Structures are given as C-alpha cells and as structure tokens.
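Student: Chains H, U and G are the protein sequences, given in the same order.
Its first residue numbered 1, the first sequence is counted upward by one per residue in UniProt numbering.
Its first residue numbered 1, the second sequence is counted upward by one per residue in UniProt numbering.
Its first residue numbered 1, the third sequence is counted upward by one per residue in UniProt numbering.
Note that beta-carbon positions come from the ideal geometry of N, C-alpha and C, so glycine has one too.
Nothing here was measured: the structure is a model prediction, and the numbers come from that model.
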Amino acid sequence: MDKVADLNNNSLSAQGDAGDRSVSEGPRGEKPKRVLTRRNIILYGTLIVVALYYLLPLYVMVVTSLKGMPEIRLGNIFSPPVEVTFAPWVKAWSEACTGLNCEGLSRGFWNSVRILVPSVVLSIAIASVNGYALANWRFKGAELFFTILIVGAFIPYQVMIYPIVIMLREIGLYGSLTGLVLVHTVFGMPILTLLFRNYFASVPEELFKAARVDGAGFWAIYFRIMLPMSLPIFVVAIILQVTGIWNDFLFGVIYTKPDLYPMTVQLNNIVNSTQGVKEYNVNMAATILTGLVPLCVYFVSGKLFVRGIAAGAVKG
Amino acid sequence: MTSVSVRDLTLRFGSLEVLSSLNLDINEGEFLVLLGPSGCGKSTLLNCVAGLLDISEGQVFISGKNVTWEEPKDRGIGMVFQSYALYPQMTVEKNLAFGLQIAKLPKDEIAARIKRAAEILQIEPLLKRKPAQLSGGQRQRVAIGRALVRDVDVFLFDEPLSNLDAKLRAELRVELKRLHQNLTNTMIYVTHDQIEALTLADRIAVMKGGIIQQLDTPLTIYNKPVNLFVAGFIGSPSMNFLKGQVELQDGTPSVRLGENLLVPLAGYDAQGTMSDGQKVIFGVRPEHLTLTRDQTSGPSLPAVVELEEPMGADSLVWLRLGDQSMSVRTESNSRFSPGEEVVVTFDLDHASVFDANTEERI
Amino acid sequence: MAVAKRPFRWHRNLSAKVAAIPMIATAGIVFVGGTAWTVLYSFTSSKLLPKEKFVGLAQYERLWSSNKWLISIENLAIYGALSLVFAMVVGFLLAALLDRKIRFEDTFRTIFLYPFALSFIVTGLAWQWILNPDFGVQNVVRSMGFENFNFDPLYNPDIVIYGVLIAGLWHETGLIMCLMLAGLRGIDEDIWKASRVDGIPVWKTYVFIVIPMMRGIFITALVLIASGIIKVYDLIVAQTGGGPGIASEVPAKYVYDAMFLSQNLGQGFAASTMMLLSVVIVVVPWAYLEFGGKSRRG
Chain H
1 MDKVADLNNN SLSAQGDAGD RSVSEGPRGE KPKRVLTRRN IILYGTLIVV
51 ALYYLLPLYV MVVTSLKGMP EIRLGNIFSP PVEVTFAPWV KAWSEACTGL
101 NCEGLSRGFW NSVRILVPSV VLSIAIASVN GYALANWRFK GAELFFTILI
151 VGAFIPYQVM IYPIVIMLRE IGLYGSLTGL VLVHTVFGMP ILTLLFRNYF
201 ASVPEELFKA ARVDGAGFWA IYFRIMLPMS LPIFVVAIIL QVTGIWNDFL
251 FGVIYTKPDL YPMTVQLNNI VNSTQGVKEY NVNMAATILT GLVPLCVYFV
301 SGKLFVRGIA AGAVKG
Chain U
1 MTSVSVRDLT LRFGSLEVLS SLNLDINEGE FLVLLGPSGC GKSTLLNCVA
51 GLLDISEGQV FISGKNVTWE EPKDRGIGMV FQSYALYPQM TVEKNLAFGL
101 QIAKLPKDEI AARIKRAAEI LQIEPLLKRK PAQLSGGQRQ RVAIGRALVR
151 DVDVFLFDEP LSNLDAKLRA ELRVELKRLH QNLTNTMIYV THDQIEALTL
201 ADRIAVMKGG IIQQLDTPLT IYNKPVNLFV AGFIGSPSMN FLKGQVELQD
251 GTPSVRLGEN LLVPLAGYDA QGTMSDGQKV IFGVRPEHLT LTRDQTSGPS
301 LPAVVELEEP MGADSLVWLR LGDQSMSVRT ESNSRFSPGE EVVVTFDLDH
351 ASVFDANTEE RI
Chain G
1 MAVAKRPFRW HRNLSAKVAA IPMIATAGIV FVGGTAWTVL YSFTSSKLLP
51 KEKFVGLAQY ERLWSSNKWL ISIENLAIYG ALSLVFAMVV GFLLAALLDR
101 KIRFEDTFRT IFLYPFALSF IVTGLAWQWI LNPDFGVQNV VRSMGFENFN
151 FDPLYNPDIV IYGVLIAGLW HETGLIMCLM LAGLRGIDED IWKASRVDGI
201 PVWKTYVFIV IPMMRGIFIT ALVLIASGII KVYDLIVAQT GGGPGIASEV
251 PAKYVYDAMF LSQNLGQGFA ASTMMLLSVV IVVVPWAYLE FGGKSRRG
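1. Measuring CA to CA, which of Ile225/H, Thr264/H and Thr243/H is closest to Val117/H?
2. Please state the DSSP three-state secondary structure of Arg12/G.
3. Looking at Ile281/U: is its Cβ nearer than 7 Å to the Cβ of Phe346/U?
4. Given Phe149/G, which residues of its chain have a CB within under 8 Å of its CB, disregarding the five upstream and five downstream residues?
5. Given that a residue counts as buried once 16 or more other Cβ atoms are within 10 Å of its Cβ, and exposed if not, what is Met79/U?
6. According to DSSP, is Asp204/G part of a helix, a strand, or is it coil?
7. Does Val263/U come out as helix, strand or coil in the three-state DSSP assignment?
8. Please confirm if the stretch 181-194 of chain G is in contact with the stretch 214-228 of chain G, defined as three or more CB-CB distances below 8 Å between the two stretches.
9. Go ahead and label Phe299/H buried or exposed: buried means 16 or more other beta carbons lie within 10 angstroms of its beta carbon, across all protein chains shown.
10. Which term fits Arg138/H, buried or exposed, when burial requires 16 or more other beta carbons within 10 angstroms of its beta carbon?
11. Which of the three DSSP states, helix, strand or coil, is assigned to Leu173/H?
12. Tell me whether Glu124/U is buried or exposed, calling it buried when 16 or more other Cβ atoms sit within 10 Å of its Cβ.
13. Rounded to whole angstroms, what is the Cα-Cα separation between Phe35/U and Ser119/H?
14. Quick one: list the residues of chain H neighbouring Asp234/G, beta-carbon separation under 7 Å, in chain order.
15. Given that a residue counts as buried once 16 or more other Cβ atoms are within 10 Å of its Cβ, and exposed if not, what is Asp234/G?
16. So, for Ser24/H: in the same chain, excluding its five sequence neighbours on each side, which residues have a beta-carbon less than 7 Å away from its beta-carbon?
17. Kindly indicate which residue of Gly283/U, Gly272/U and Thr273/U has the alpha-carbon position closest to the one of Val263/U.
18. For Val343/U and Leu265/U, I'd like the C-alpha separation in whole angstroms.
19. If the criterion is Cβ atoms closer than 7 Å, does the pair Ala20/G and Ala87/H meet it?
20. If you draw a straight line from the alpha carbon of Arg21/H to that of Ile233/H, how long is it in whole angstroms?
21. On a CA-only basis, which of Gln59/U, Phe31/U, Phe13/U and Ser315/U is nearest Gly41/U? Give me that one, please.
22. Consider the Cβ of Gly245/G: report whether some Cβ of chain H lies at a distance smaller than 7 Å.
23. When you compare the CB of Met167/H with every CB in chain U, is at least one pair closer than 7 Å?
24. Does Arg107/H come out as helix, strand or coil in the three-state DSSP assignment?
25. Would you please state the rounded distance, in angstroms, between the beta carbons of Ile121/G and Phe249/H? I believe it to be under 8 Å.
26. Compare the Cα-Cα distances from Ile254/H to each of Val181/H, Glu206/H and Val62/H and report the closest residue.
27. Consider the Cβ of Met1/H: report whether some Cβ of chain U lies at a distance smaller than 7 Å.
28. If you draw a straight line from the alpha carbon of Glu95/H to that of Gly241/G, how long is it in whole angstroms?
29. Quick one: is Arg212/H near chain U, going by C-beta distance under 7 Å?
30. Leaving out the 5 sequence neighbours to the left and right, which residues in its chain are closer than 7 Å to Gly145/U when beta-carbon positions are compared?
31. So which residues of chain C does Ala4/G contact, with C-beta pairs closer than 7 Å?
32. Do you know how far the Cα of Thr191/U is from the Cα of Trp170/G?
33. Does the separation of the CB atoms of Val213/H and Pro72/U fall below 7 Å?
34. Gly298/G CB to nearest chain H CB: under 7 Å?
35. In the DSSP output, which residue or residues are listed as bridge partners for Phe233/U?
36. Does any C-beta atom of chain U lie closer than 7 Å to the C-beta of Val23/H?
Written out as structure tokens, the structure is:
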C-alpha cells in the first residue's frame, strides 16, 4: 500500500523542488549576453503566443460582460467595449432568471457558500484525523480500508451515484444541503486522507515517540503536537477542497433541489435556458462571477495551489 | 539492585525475528551502552524497553515492576533521541513542561523542576527560545532536560550525539559522563560509535543480528573479545587478523602464520584447549605490536614495510608478513621506508586466538 | 519475578479506530457496497425504481444497440485519444520551454494553469460563446473579409467533439504542464552538465535521456488524463448539452440521462458498469506496471 503513497510523495517532493531551483547556486549577477538571440525570440515568442491563447477566453468574457446587447450584436467579440456598462453584472447577480425564479445568481452563490463551508470543515477535520491515525497509530485492517479508499478514488462517480441517492433518502437527507455536504465529505476523503497521511508520515517518528514518552495520547498529540506544525498542509487541503467543491456540478444537480442548487448549476441553467432572448453580456457576467471564487483562491495561493494539484495527481 | 531487567525478549515483524530471546540485567545507577552496527537491533531493544514497540514474547521489568504492557509514560523512563525530537512550535520552556502538564502536575512544581533541570544543563538563557533558534548542542541539552524534568529512575538515550559534529560530540560526551556521575540514574545508551561506548560505559553490550554477543566492561571487551565480530568491531584502527594453524611442540602450542613464521603461544590463557593442526585466526591490535629494526627478546617475526600512514600523534605502518598483511602503530618520529625489513614483536597478553570455523575465542 | 500476560485489549488504539470509522464506512459501504449494488442491479429490469427482477444481460444488449450509447463511446474515444496526445505533447513542450531558465516563469505558469482552477461549467460556457458562429471567431474572421470562412464546431454534428476538445485542452493542459515541469525539475542538474560536456544537442538530451527518466511522471499524467476523460460530463452539459441532436453525447451523460431524466435505471446501471469496466482496463495494467513491477525489482 505504501506504494500508492510513494507515487504521491514523488509528485509532492518533485513539486517542492520546482520552486526552489530558481535560486540555484553559482555565480550571480548580470551576465554579459545578448537579449535578442534567435533562441530567445523563438522561446519567448512561442510562450507569449500560447499565453495569449490561454488568456483569450478570460478577456472575451470580461469585454463581453461590459458591453450592451446592441454593441454585441453589431461588433466583434474581441474588441474592447465602446461604452462600458456594469448593468449586465448587476442583472446577473440579482435579476437573472432560471425558470420562474428571477433572483439572479446571488441565490446560487449563497447556496454554494452554505455548501462549501461545512463541507470543507467536515471533510478536512475527518480526513486529517484519519490520516494521522493511519500514519502514527497503525492498527489491524487500517491499511486494507485505506487501500480500498484509494482504489475507490478511481471508480467513476456514476457507479456510486444511485446507491448514494438511496442511502440519503433512507436517512432523510436527499435533496438537502446536509446530504450534499456528506457527499462532498465522502468523495473528498481519498485524496485528503492520502495528503494528510503522507504529511504526518513525513513528520519525524521520534517526535511522536517523544510525545508518547511524555504521556500524550491520541488527541493530545494530534492537537498539541501535529496540528500546530502542519498548517501548510491544511492550507493545501483547504485550497483543494474550496476549488473542488465550488466547481462541482454533478453532485449539486443530483443531490439538491432547484432552490438549493449551487452556483455552477444555477449558472448553467441561466445560460443554457431555452426561454427568452439570449443576453450574452449577462451570461458572461454570470460566468465570471461563478469563476471568481476559485480564481481568487488560485491567484492568492500561488505555489500552494500547485502543490495541491500535484497532491491531487493520484485523485484522477 | 537491578534497575532494568529484560527476560527472554523476542520481537518479530511478521516472520522476521528482529530480537531473539534477549536477556539483560542492568544494575541501579549503571551506565550501559548498547553497541553495534546499524540494523543490529540495538535501537529496537531500547524502544522495547521504552514501551514504544510491543514485544512478541518475554518480559520487561523496571525498578522491580513488571512493565511489559505498560504505556511508556508509566514506566518511569525518560528518553533522548538522535534527532532531538523537540516540539518545533513550543519554546524550550514549554517543551520541558509538556509532559508535566499532561501528567497534571501543579504549576509551581513544574516551574521548580524546569528551573532545576535548566541549572544542571546550563540552559537558563534559552528557555524562551524556540528549537529552531538553537544550535545542535543546545537542542540536545534541551532534549536531555526533557528527560531530566520527568524525575525518573531510568534514562534511555537513542544515539543522542550522532547528529552533532565531531567537536561538539566530544564535548557533550564529557558532559554526559559528568551528568551521570552527579545524578546516578540508570542510563541505557544506544550508539554505533565505539569511542562513545568505551568512554561512557560501565558495561557494554555488543549486539549483532538481534543477539547480544558480549556483555562486559569496556576493558574486557577491548582486550578479550569473545568472538571475531566483537574483536573486529571494537578498536580503531581495527585488529589485525592473521590466518594460521596450531602446532604443538612438547605440549606447548604455537601458531604457524606461514613459512618461517611461527608465534609461540606460551603464556596465552587457553593454550591447553588447542589441538595440533587446528585452524585458527590470530588477532592482535596494532597498538600491541612493536616494530624494531633489530631482533628483540620477545616472540617476534620478520616482516617487510609496505607503506606508512602518518596520523599525527602516531603512525600506522602496514607490513607484509609472508602472504598476509598487518598494521602496527608506531611513534610518528620512527620513520620506516617502504621495502625496509623489520622485526615485529608480539605482546601475547593482548593477543586473541579464534577458532577459524566457529569464530569464537579460544 | 512475576510474569505479565499479553493483555487482551480491543480498546487498544481505540481513538485511532474511532477516527477511522468514517474511512471504513466510506470505503466499505459507499465505495465497495455502492459499486457492488450498481453492478448487481445492472442485471435487473429496473425502470423508475430499482427492482430485483433479473434479466441477465438484457440491459447490456439494449445498451450496445442504442445509437446514443454508440455515439457516446465514439465521442469518448475521439476526445480521449486526442486529448491524451495533445495534452501530453503540449504539456511537455510548455514545461520544457519554461524549464529553459526563462524570465517571468511564474507569470507564464500562472497563465497556463489558471483555467484548471475554473470549473468545467465556466470553461464550457466561455468556449460556447467564443465558438458561437454568429458572434464568435467565425463572425470575426468573416467580417475581416473572408466571407466563406466556416468554423462552427458547436453547430456541426461532424466536428462538434473537436469544439469540446478545444475547451477541454484549454482547461487541462496547464495541469499536465505543471506535472511535467515538476518532473523536469526532479532531474539531476548534473545530467544536463554531463550532456553539455559531451556535446549532445539539447533536443537529443530531451528525447534520449530526460524523457525516459520521466517515465513515472508520464504514466501518472496518462492515468490522470485517462481517468478524467471517462468522467467528462460537466463540460458537455455546459458547452453543447449533448447536441446538436445527440452528436456530442458522452457515457457519463448517458448514465445521468438514463437515471434521472428518462427513468431508465437499468440502462444507467449498465452504462455506469461499462464505465467502471473501462477504468479497470486502464488502471489495472498501470497498477501492475507501477506497483507489481516495483516489488519484483526491489
């Protein structure tokens, strides 16, 4: 079983290296070299063209959301807005319709928040304690279930969707936010447990032994020794979960009902609704609004995000 | 009085037997060193005594109490680790206080114990610092302090000096010895460093393959190793081993190391048990040999100098003796040149003879 | 001295066992139990509700004679093969470019990776807009004077899956690039020094030395993309809704539609079991190569 962990260790440590090599040893300072070599033109030229391609959709979304509908009908989607208007944003947030409901995306936003916060807290709390138990308090059968858990991460969700519907219905949580929180906790468990297990396993074993000689038990070691020294991994886990849960569509559409739909589901319903006249500027404003939370997480977290997805590499 | 006692201790990981029915009695106030190469089971044994590993069979007694299945905290032990294992987020003071707080000791008692330990170890100025702000030597002092505040009978050291550089290691070694003299606690000390073992120990247990090979005072282990392994492991530069065969002449044994190379064993302890033609390994340490240019009175053999390694205070001279080679420790000013013919004189009080098959001392 | 018997203590490590209950429940009940349940019920004639009327392989026969399923499989194959190739090649090339000790490396990496932070819904809707024939790329090119320019992948059943592929690659290439970059950074600097001393051209060093050394990363990336492809759902829903007609259907959507829209649970179970089977086909050889091989070597 440790082999699965190896894989993840590799990607994590390799990722760590990635950040560090920019400060490699050797002579520093200005090097006498020509800037406009052929190599540099090709290298930077390629990178800039590709970067423009990657930025294009974001740019198009932003400019579209700032134009009025007449301008969109006449103009070019790449041209900047002649007359900047924020009306589409206001409409997307508070007036856009899904079916008969016209409260705008704000409802989906708050639903997503109400799903996100408990899901992140619960999944990380459970997985971190579980990972700690697996790393430091091995007991019979633990490895077996951990193996099943990791292998289970590769099973397509579609196979488990319906049995979960039945389980949630049995305990009366089908269609509720609580039910969706449980689903997110369950499906976040493999990757988070792996993440925490590997992290706690990398804490020197002697530290754990010293705490046991000092008389600390399971919870005392967790709360007073392990937790304070593992803040970075908690941040990685939070990034992973916030983006993952916010971006979820499938579970939201299956396990909640229309007035509890998360933002992604509501966004799709607004944009792809077949009724009424298409308001592309409102659609794009709504799309950006939905993408804003993970984008902020991404830009603020920087390298930790990269570390998180490297850890998620085995998640698939 | 016995302080720590291990009875028939066996530890298996699956089918792998790491420790095989070990028996060990450690006296109160004794400084016992567990010495051996890595993988010999010495740290594992220490962890079993500490209760950090569940043993497969056997019993462990500490201060007369059977603690085989007690939690580490209830065994009356303090432990010091190679990596110091200080809690990184706590100050030195909190590191020392942690175990006492868990044991729910009153605040003034905790403060008093920390004060005393800090005085003994001279770490008072460091109490408010975090481990990351300390040097290696300071960290290890704090780690010792953490064992000290527990106010226990038995201290366990798991290679405590291995992470330090040579100079600091020597300093702390002396301090540890001083600490033991002042405190008179029982100490069990695991190391792979024979110098630490020889300098610190009252008794040394040399381990290999999960078995104690020899348990005795440092001098006995140095001078009368029970087998080839112990002889080779202890001493630096290491003992010379020369292959030979016993020849009995009028009931007195000699060892033939080659043509014209006969070492009489008159005066060796166990000469009576040797038989004619027995294949043996003759072991003698470089420092128990004398090198001269002329014939001497003791048992001696002719040899040819191969090369010389000057080591400051003395030199190691490598010799060719028939088809075997050996080294001799000489004074550094008695230069020998390669190819020179010399005479080696043996000090038989300090020689060892091992059976070539069993590798046991004869 | 008294002998202490090994105590029988089921409560030993009790806290650890309690802490592992959620994992045991998830692994045992949801993962194993749920999967077994679905596979079992794929042999029943369940319609609106699951029922234990076993009909053998009838659901699978129906599945494989369904046009929608066959198109789904075909789309998945095209999308999967192309996105594997392109994501790996482009991801590696970008990583190699970024590894040439360039300036603004962090900026470029941030740009290439940001789409991965966005959801498939956002990705699909953004590209739906750009590929809109009346306003998007096609319209812009036509207004530049090329009146006959045709580029409407989302409205042309023959090429709709390529339109989805553009969005999919935009979303995931950054991730592959990051993995590859990590792999490149994991390679010993001395390898590069040695190849420079030996006068080996850079591209040859990549092809013959570096890439073989990154075997593990390539396999991880492969498994990652492959298992992601099988789950493709949100992107289709947002970008095309499976259309035009059923031209861009995929298996994951087939499962959802069967279970929740057309009240045909048995079909959904059979289709999801087929998805599981395909994952097994991808993952088992990988696990064997990656882990089975290791124990033989070690």
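Tutor: In this structure, then:
1. Thr243/H
2. coil
3. no
4. Gln138, Val141 and Arg142
5. buried
6. Sequence check: residue 204/G is Lys here, not Asp. It is helical.
7. strand
8. yes
9. exposed
10. exposed
11. coil
12. exposed
13. The question names Phe, but residue 35/U is Leu in the sequence shown. Taking the straight line joining both Cα atoms gives about 53 Å.
14. Phe249 and Leu250
15. buried
16. Per-residue confidence for Ser24/H stands at a pLDDT of 45, beneath the threshold of 50, marking its modelled position as unreliable; the derived number appears in the next sentence. Cβ within range, chain order: n/a, list empty.
17. Gly283/U
18. 18 Å
19. no
20. Because Arg21/H carries a pLDDT of 40, less than 50, the predicted location of this residue cannot be relied on, and no value is offered for it.
21. Phe13/U
22. no
23. no
24. helix
25. 5 Å
26. Val181/H
27. A caution first: Met1/H carries a pLDDT of 35, below 50, which makes its placement in the model too unreliable to give a value.
28. 24 Å
29. yes
30. Leu96, Ala117, Ala118, Leu121 and Ile123
31. Protein chains H, U and G are contained in the structure displayed, whereas chain C is not.
32. 58 Å
33. yes
34. Since pLDDT at Gly298/G reaches only 30, below the 50 mark, its modelled position is unreliable, and the value read off the structure follows with that caveat. Not one chain H Cβ lies under 7 Å of Gly298/G.
35. None, per the DSSP bridge assignment.
36. The predicted model places Val23/H with a pLDDT of 43, which falls under 50 and marks its position as unreliable; any figure quoted below should be read in that light. No - not a single Cβ of chain U is within 7 Å of the one on Val23/H.
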